[in-house]
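A short worksheet on the structure shown next.
Protein chains: 4
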Amino acid sequence: MARHIFRCPLRWADMDAFGHVNNVVFLRYLEEARIDFMFRLPSAGDGSASFSGGSVVARHEIDYLRPLVHRHEPVTVETWVADITAASMTVRYEVKDEATLYARASTVVVPYNLAKQRPRRITAEEKAFLEKYRDDGAVTV
Amino acid sequence: MARHIFRCPLRWADMDAFGHVNNVVFLRYLEEARIDFMFRLPSAGDGSASFSGGSVVARHEIDYLRPLVHRHEPVTVETWVADITAASMTVRYEVKDEATLYARASTVVVPYNLAKQRPRRITAEEKAFLEKYRDDGAVTV
Amino acid sequence: MARHIFRCPLRWADMDAFGHVNNVVFLRYLEEARIDFMFRLPSAGDGSASFSGGSVVARHEIDYLRPLVHRHEPVTVETWVADITAASMTVRYEVKDEATLYARASTVVVPYNLAKQRPRRITAEEKAFLEKYRDDGAVTV
Amino acid sequence: MARHIFRCPLRWADMDAFGHVNNVVFLRYLEEARIDFMFRLPSAGDGSASFSGGSVVARHEIDYLRPLVHRHEPVTVETWVADITAASMTVRYEVKDEATLYARASTVVVPYNLAKQRPRRITAEEKAFLEKYRDDGAVTV
Numbered sequence: 206m207a208r209h210i211f212r213c214p215l216r217w218a219d220m221d222a223f224g225h226v227n228n229v230v231f232l233r234y235l236e237e238a239r240i241d242f243m244f245r246l247p248s249a250g251d252g253s254a255s256f257s258g259g260s261v262v263a264r265h266e267i268d269y270l271r272p273l274v275h276r277h278e279p280v281t282v283e284t285w286v287a288d289i290t291a292a293s294m295t296v297r298y299e300v301k302d303e304a305t306l307y308a309r310a311s312t313v314v315v316p317y318n319l320a321k322q323r324p325r326r327i328t329a330e331e332k333a334f335l336e337k338y339r340d341d342g343a344v345t346v
Numbered sequence: 206m207a208r209h210i211f212r213c214p215l216r217w218a219d220m221d222a223f224g225h226v227n228n229v230v231f232l233r234y235l236e237e238a239r240i241d242f243m244f245r246l247p248s249a250g251d252g253s254a255s256f257s258g259g260s261v262v263a264r265h266e267i268d269y270l271r272p273l274v275h276r277h278e279p280v281t282v283e284t285w286v287a288d289i290t291a292a293s294m295t296v297r298y299e300v301k302d303e304a305t306l307y308a309r310a311s312t313v314v315v316p317y318n319l320a321k322q323r324p325r326r327i328t329a330e331e332k333a334f335l336e337k338y339r340d341d342g343a344v345t346v
Numbered sequence: 206m207a208r209h210i211f212r213c214p215l216r217w218a219d220m221d222a223f224g225h226v227n228n229v230v231f232l233r234y235l236e237e238a239r240i241d242f243m244f245r246l247p248s249a250g251d252g253s254a255s256f257s258g259g260s261v262v263a264r265h266e267i268d269y270l271r272p273l274v275h276r277h278e279p280v281t282v283e284t285w286v287a288d289i290t291a292a293s294m295t296v297r298y299e300v301k302d303e304a305t306l307y308a309r310a311s312t313v314v315v316p317y318n319l320a321k322q323r324p325r326r327i328t329a330e331e332k333a334f335l336e337k338y339r340d341d342g343a344v345t346v
Numbered sequence: 206m207a208r209h210i211f212r213c214p215l216r217w218a219d220m221d222a223f224g225h226v227n228n229v230v231f232l233r234y235l236e237e238a239r240i241d242f243m244f245r246l247p248s249a250g251d252g253s254a255s256f257s258g259g260s261v262v263a264r265h266e267i268d269y270l271r272p273l274v275h276r277h278e279p280v281t282v283e284t285w286v287a288d289i290t291a292a293s294m295t296v297r298y299e300v301k302d303e304a305t306l307y308a309r310a311s312t313v314v315v316p317y318n319l320a321k322q323r324p325r326r327i328t329a330e331e332k333a334f335l336e337k338y339r340d341d342g343a344v345t346v
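Line by line, the protein sequences give chains E, F, H and D. The numbering of the first sequence is the numbering used here, which starts it at 206 and goes up by one. The numbering of the second sequence is the numbering used here, which starts it at 206 and goes up by one. The numbering of the third sequence is the numbering used here, which starts it at 206 and goes up by one. The numbering of the fourth sequence is the numbering used here, which starts it at 206 and goes up by one.
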């Protein structure tokens with residue numbers, strides 16, 4: 206039932222000519238949160254090579270709720286697992302800080318065998334890891 | 206019933222460490238197509254300042270169908286209008302070339318009054334322009 | 206004689222198809238270090254609006270010494286002031302960690318009056334701030 | 206004595222919060238010009254695999270002369286070869302259009318053997334190609 210918290214640093218150049226963090230850059234923040242969640246976290250645990258063979262993004266959905274302006278403090282990306290199938294998982298996120306919810310998003314991720322260049326099934330070990338961050342009660346985007 | 210065709214040039218650095226155009230960069234291609242459609246096209250026509258007061262992205266959806274690798278030829282982004290309400294429009298896209306459909310996507314765009322920092326209604330002139338690119342029969346993403 | 210230390214977080218997508226942080230992205234790291242040095246630091250001090258009116262980059266030089274690969278720990282950008290004239294300053298950097306020097310660089314920055322759209326002179330207050338980070342003995346790039 | 210002409214398309218998001226093409230993005234334009242010059246051009250000729258084994262950037266210098274704002278027309282990057290040694294070449298560029306010179310730059314490029322992960326010498330075939338674009342009389346940056 207836990208959610209993964211990633212403190213995502215902004216870069217000044219994330220802003221576009223309107224002086225806001227560009228909408229495309231939010232997807233970069235989600236990527237950073239996903240990499241922290243899927244690559245750093247499992248490997249920091251028991252040394253398993255979870256997802257290290259690669260994974261691909263099959264789908265994104267994102268709703269922009271409030272404009273975000275560059276500041277020196279990171280923004281929080283809260284991540285959890287909404288669905289797990291045999292060969293894919295759906296990750297949900299909220300981009301926010303204490304006072305404001307900037308965006309809600311979800312991504313369908315497919316584990317991928319880079320050597321064979323094709324999708325692969327989720328392993329039992331990966332599933333056990335993902336279950337710890339499962340949260341079905343989340344408001345969907 | 207027309208669709209807007211934008212020939213989007215790739216950059217070598219659009220590829221990530223997996224040697225494919227990164228999934229986030231596809232949203233950048235959509236942005237380029239949208240700017241060509243919403244800013245260059247109307248202003249090249251009758252000189253009207255359609256959308257020039259600004260617009261914001263309220264939502265994206267994107268499905269990735271095939272990996273895209275850098276090449277010197279542009280990729281085609283086909284754009285059309287799927288829905289128009291009083292204060293928003295839904296734009297749909299296909300990222301493709303003759304042989305391959307790489308991604309399908311849609312974006313909800315809200316016209317924005319930059320000076321007043323708030324959403325505004327679509328004008329009659331803008332609506333007339335958008336109607337020319339309306340295509341409801343499209344398979345939705 | 207102090208040097209400014211900025212711990213610059215990497216992003217996974219900073220790597221290009223060769224699996225290294227792309228050479229252009231190093232300039233982004235320098236920008237982040239410069240913004241931390243020129244904007245966050247002075248304003249965190251005595252509340253002066255040093256450089257807040259804007260500044261422009263007139264020149265970069267950068268030497269790449271070692272390839273850098275994405276990791277979860279930030280890279281250090283050490284920054285100091287090598288030269289100050291009436292209307293420009295030269296900032297020098299080393300991008301490194303404990304074991305490795307990845308790049309040496311320098312940037313000529315010109316304070317800029319955004320409202321009047323023209324360069325302006327360095328104020329006495331800005332000069333006093335910069336002098337604290339002056340280090341002429343540095344090996345030049 | 207020829208110079209290589211690359212018509213570099215801009216992207217709207219190349220602009221930063223000051224409403225100008227960000228200084229770092231100019232290096233991206235140089236990369237695009239270099240890839241067009243070093244990879245597309247030789248391979249379009251006699252099918253030789255010039256530089257295809259990879260190359261790394263050892264140094265950049267760039268002087269910014271005029272601000273550049275997004276427009277739908279490409280900017281011209283003129284590229285030529287200023288120096289060739291046994292294991293490196295210096296490429297010079299001007300970023301400009303008919304009316305304006307925006308930047309002058311130069312890059313030291315080192316051919317690289319990706320398989321062996323080390324620099325390699327320039328081949329006779331590559332040297333013959335480069336000599337066609339040699340121009341020593343250029344004003345240096």
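Glycine residues also receive a C-beta, built at the ideal position from the N, C-alpha and C atoms. On a predicted model such as this, the values are computed, not experimentally measured, just so you know.
Query, Result
"Local conformation of Glu-237/E per DSSP, three classes", "helix"
"Alpha-carbon to alpha-carbon, Glu-237/F and Arg-216/D", "7 angstroms"
"Limits of the alpha helix (DSSP H) - the one that Lys-332/F falls within", "329–336"
"Chain E within 8 angstroms of His-265/H, Cβ atoms only", "no"
"Contact set between Phe-242/D and chain H, taken where Cβ atoms lie within less than 9 angstroms", "Ordered by position in chain H, no residue passes the 9 angstroms Cβ test against Phe-242/D, which lies about 16 angstroms from the chain."
"Beta-carbon proximity list for His-209/F, same chain, < 8 angstroms, skipping 5 on both sides", "Ala-238, Asp-241, Phe-242, Leu-246, Glu-283, Thr-284, Trp-285 and Tyr-338"
"Contact set between Leu-215/E and chain F, taken where Cβ atoms lie within less than 7 angstroms", "Ordered by position in chain F, no residue passes the 7 angstroms Cβ test against Leu-215/E, which lies about 15 angstroms from the chain."
"Inter-residue CB distance, Val-280/H and Leu-273/H (contact presumed, cutoff 8 angstroms)", "7 angstroms"
"Given Leu-270/F as reference, the closest of Gly-259/F, Ala-287/F and Glu-299/F once Cα atoms are compared", "Glu-299/F"
"Interfacial residues, the stretch 218–242 of chain E to chain D, with Cβ spacing under 9 angstroms", "Ala-218, Met-220, Asp-221, Ala-222, Phe-223, Gly-224, His-225, Asn-227, Val-229 and Val-230"
"Under the three-state DSSP convention, the category Asn-227/F falls into", "coil"
"Cβ pair Arg-326/H, Ala-292/H closer than 8 angstroms", "yes"
"Backbone secondary structure at Phe-211/D - three-state DSSP", "strand"
"8 angstroms CB neighbourhood of His-225/F in its chain, flanking five on each side removed", "Pro-272, Leu-273 and Val-274"
"Burial state of Gly-252/F, where buried means 16 or more other Cβ atoms lie within 10 Å", "Note on Gly-252/F: pLDDT 43, under 50, position unreliable in the model; the coordinate value appears next. The residue is exposed, with fewer than 16 neighbouring Cβ atoms inside 10 Å."
"Contact under 8 angstroms by Cβ, Glu-256/E with Glu-331/E", "Note that residue 256/E is Phe in the sequence shown, not Glu. Yes."
"Interface positions of the stretch 265–288 of chain D facing chain F (Cβ-Cβ less than 8 angstroms), listed along the chain", "His-277"
"Through-space distance from Ser-311/E to Glu-266/E, alpha-carbon basis", "5 angstroms"
"Spatial distance of Val-229/F from Phe-231/H (CA atoms)", "20 angstroms"
"Presumed contact (8 angstroms Cβ cut-off) between Arg-264/F and Val-313/F, rounded CB distance", "4 angstroms"
"Which residues DSSP lists as bridging Asp-219/F, in chain order", "Bridge partners of Asp-219/F: none, in fact."
"Min CB distance Arg-325/D to chain F below 8 angstroms", "no"
"Start-to-end residues for the beta strand (DSSP E) that takes in Val-315/F", "306–318"
"Span separating the alpha-carbon of Cys-213/E from that of Thr-328/D", "45 angstroms"
"Proximal residues of chain E, C-beta to C-beta of Arg-297/H below 7 angstroms", "Simply none; closest approach about 20 angstroms."
"Paired residues, beta bridge with Lys-301/F - DSSP", "Thr-281/F and Leu-306/F"
"Ala-222/D beta carbon less than 8 angstroms from that of Met-294/E", "no"
"Reference Ala-333/D, options Leu-319/D, Arg-297/D and Thr-290/D, closest by Cα", "Thr-290/D"
"Own chain partners of Ala-207/F with C-beta closer than 7 angstroms, once the 5 adjacent residues on each side are dropped", "Lys-337 and Tyr-338"
"Length of the line joining the Cα atoms of Leu-235/H and His-277/F", "30 angstroms"
"Under 8 angstroms between C-beta atoms of Asn-227/E and Ala-218/D", "yes"
"Residue range of the beta strand (DSSP E) that includes His-265/F", "260–269"
"DSSP bridge partner residues for Pro-272/E (one or two, in chain order)", "DSSP output for Pro-272/E lists no bridge partner at all."
"Contacting residues, own chain, Cβ-Cβ under 6 angstroms from Gly-259/H (five flanking each side not counted)", "Tyr-317 and Leu-319"
"For Arg-297/E and Tyr-307/E, the rounded distance between their alpha carbons", "14 angstroms"
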